[in-house]
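Here you go:
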């Protein structure tokens, strides 16, 4: 046997019937292209220029198959080979969760990658956006994303955070970096900001263009519950101690493991939706720890839309605009123009309070996006360049 | 509004019908327990002490639902609420890929986590093993696993590797570490050794017990193809250049980004199945680069089971046992006792050749496991302690 290059079978189509059927549909690829969110080598799901999503599933004995996307169920149709295909109405640009329904079973699409949202790992579809270059994988220096498992003494559970380190972290092995703590929304987890949010690629691109300072980003899990006390099991259940976990456990761990700049001038905190609410409370209660705040699609008066009384709201933390302006170097808010109730009015009420109190802040609106990941990718894109200046 | 701890809705059961039905089955939890490989909070799939796997799927209109596991399809049955449940025969200890079939559709189980194998992201089930402590998440110092994206000029594609760094990498920020390059098998990818193999936890545990030296582990993607030449598109297709990518691109990148000990005495290479075959070729062709080799369930004569002629095999690289024994500090082979053909005979023929040539090697057999991840976890557990001594 001669030592030579070997032709290895390449991972791909294992189930030949499906492959044959998919090949027949290839002719349509001009209009519909495989989504960026697909598993390697998968031709479906596809997206066209209008943002319509087309899915396929081989299910020869099924009576009814549907595409469940954006709150609507689209009927799919079967060909002679048993391959079902279906198409959605045009979708907003950006990332959306979806699932398939097969004879009443809600299932992940076998062809998509899976993302943690809506409280489970499920399918996602990437609809190309006009400005997608800012979160695309570009030929620029890339940082790394590290998974860090830790035991929390406060929650008495194993927890996990992810740490983005920029490319320059590995260039000069003595340099130190500022840190942005960045939180996900409800029913999502610590994987969201990288998997759906593409925070690493957004920063790689911003840093390569000299638009943002090289920084570390930490994404932790916003669900951190007080352990059930043995004497009174009902007491602990459901009480969030995320703030304590972040301040007392995560930040010291990050400052120990990474070459950080650990003072408040080099520490920022931001979050989306539930994470915006959580991190606003954290920054207001810990002004010695953070100098920068970002709230993406959420404020701490959520879900309230009433006029805010600054004497009462958050124990009067917003009473003195002058004092707040001195302390916080950045108070940044973002929202999508298509967000549903109560977000526009709730964030609106918060902004009205800031205006009345003379609190300096930056407000950004993401065009034509709802309470979804493209709003938050764009928020990060606009927020990160203002940090650590 | 008073600033106080807020009770957040916790991610979990979103689809109430399924949850109700799952609760009814809770009474059986004594015998069947939720698998370690489940998504957070999911009660199914379950495993019992015999290694039987029980799955459930809510599919009220389906006519036929099956559990497809270990090459067999098990019929599932439906209750009045439309919840299907089914049970497998006892399975071998360790990790197995599986899927569900709903009216002819092969789908991932919505309750399991997903693992890249068989050329796609699919469901996996963890059947507890008598020795599972060695790969369990224990209260010991934990290293990190970092995702590294890079552009390969050789393949002209984006590629990815993962890097495990031990806990002590972050203790002394000037210390340098030896590196093990560790490869997956066919139809798997660079995520396999962490997600299915639990290589990070195995090393965390070994290092904490002082059984293995702290080391860096790098897992790359074994599929690296020559780009199709524009003059002759058919020429490049399917020709593996993984060896070149590893030697010329990955190793220099790792030595640049991480604090490695870059000489051959501190570099090991190992792989499983296809990866064993690939890495054996790499170590034999690059004796200046590696001093340690591990082949888990595979040798470079695969799939051949004939007597090996050392004058011809791999260009005579095994002709002189004396020379090889001087060069290689470790030649390590592992195999499961239940591996199917051609592995036992193929590895057997290779060992017979080594014996005949007087090549020193270590041989390990994993009890009662086939060509599966528990064989490879145990191989790593037994191989890693012998490295860098």
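Residue numbers (my numbering), protein chains in the order written: chain R, 25 to 413; chain P, 25 to 413.
All residues carry an ideal CB built from backbone N, CA and C; glycine is no exception.
Since this is a predicted model, take the numbers as computed values, not measurements.
Does the Cβ-Cβ distance between residue i and residue j come in under 8 Å?
i, j, result
"residue 74(P)", "residue 393(P)", "no"
"residue 228(R)", "residue 191(R)", "yes"
"residue 403(R)", "residue 320(R)", "yes"
"residue 207(R)", "residue 141(R)", "no"
"residue 237(P)", "residue 202(P)", "yes"
"residue 407(P)", "residue 372(P)", "no"
"residue 121(R)", "residue 106(R)", "no"
"residue 390(P)", "residue 323(P)", "no"
"residue 123(P)", "residue 151(P)", "no"
"residue 388(R)", "residue 355(R)", "no"
"residue 332(P)", "residue 367(P)", "no"
"residue 377(P)", "residue 341(P)", "no"
"residue 99(R)", "residue 85(R)", "no"
"residue 225(P)", "residue 159(P)", "yes"
"residue 267(P)", "residue 305(P)", "yes"
Does DSSP classify residue i as helix, strand or coil?
i, result
"residue 405(R)", "helix"
"residue 351(R)", "helix"
"residue 224(P)", "helix"
"residue 109(R)", "strand"
"residue 165(P)", "coil"
"residue 119(P)", "strand"
"residue 264(R)", "strand"
"residue 271(R)", "helix"
"residue 153(P)", "coil"
"residue 247(P)", "coil"
"residue 394(R)", "coil"
"residue 410(P)", "helix"
"residue 192(P)", "helix"
"residue 57(P)", "strand"
"residue 63(P)", "coil"
"residue 302(R)", "helix"
The beta strand (DSSP E) that contains residue i, what's its start and end?
i, result
"residue 168(R)", "168-176"
"residue 92(P)", "89-93"
"residue 81(R)", "77-82"
"residue 242(P)", "240-243"
"residue 181(R)", "181-189"
"residue 332(P)", "Neither: residue 332(P) is in no beta strand (DSSP E) and is coded neither H nor E."
"residue 291(R)", "291-296"
"residue 204(P)", "203-207"
"residue 99(R)", "96-99"
"residue 389(P)", "386-390"
"residue 129(R)", "129-131"
"residue 138(R)", "138-141"
"residue 320(R)", "316-320"
On the CB-based measure, 16 or more other CB atoms within 10 Å of its CB, does residue i come out buried or exposed?
i, result
"residue 171(P)", "buried"
"residue 180(P)", "exposed"
"residue 364(R)", "exposed"
"residue 346(P)", "exposed"
"residue 134(P)", "buried"
"residue 399(R)", "buried"
"residue 414(R)", "Residue 414(R) cannot be examined here, being either before or after the span of chain R that is shown, 25 to 413."
"residue 216(P)", "buried"
"residue 223(R)", "buried"
"residue 137(R)", "buried"
"residue 8(R)", "Past the boundaries of the shown model lies residue 8(R); chain R is included only from 25 to 413, so the question cannot be answered."
"residue 189(R)", "buried"
"residue 127(P)", "buried"
"residue 303(P)", "buried"
"residue 69(R)", "buried"
"residue 327(P)", "exposed"
Would you kindly report the start and end of the unbroken alpha helix (DSSP H) that includes residue i?
i, result
"residue 372(R)", "367-381"
"residue 216(P)", "216-219"
- [ ] Identify each residue in the segment 162-175 of chain R for which the Cβ-Cβ distance to at least one residue of chain A is less than 8 Å, and report them in chain order.
- [x] Among the protein chains of the structure shown, namely R and P, there is no chain A.
Open item on the list: Using a Cβ-Cβ cutoff of 9 Å, what residues of the segment 133-155 of chain P are near chain R? List them in chain order.
Closed with: 133, 134, 135, 136, 137, 138, 140, 142, 143, 144, 145, 146
TODO: For the segment 204-233 of chain P, enumerate the residues whose C-beta is nearer than 7 Å to any C-beta of chain R, in chain order.
DONE: 210, 211
Open item on the list: So if I threshold CB-CB distances at 9 Å, which residues from the segment 266-281 of chain P count as touching chain R?
Closed with: 266, 267, 280, 281
Task: Selection of the segment 61-86 of chain R by Cβ proximity to chain P, strictly under 9 Å - done: 63, 64, 65, 66, 81, 82, 83, 84, 85, 86
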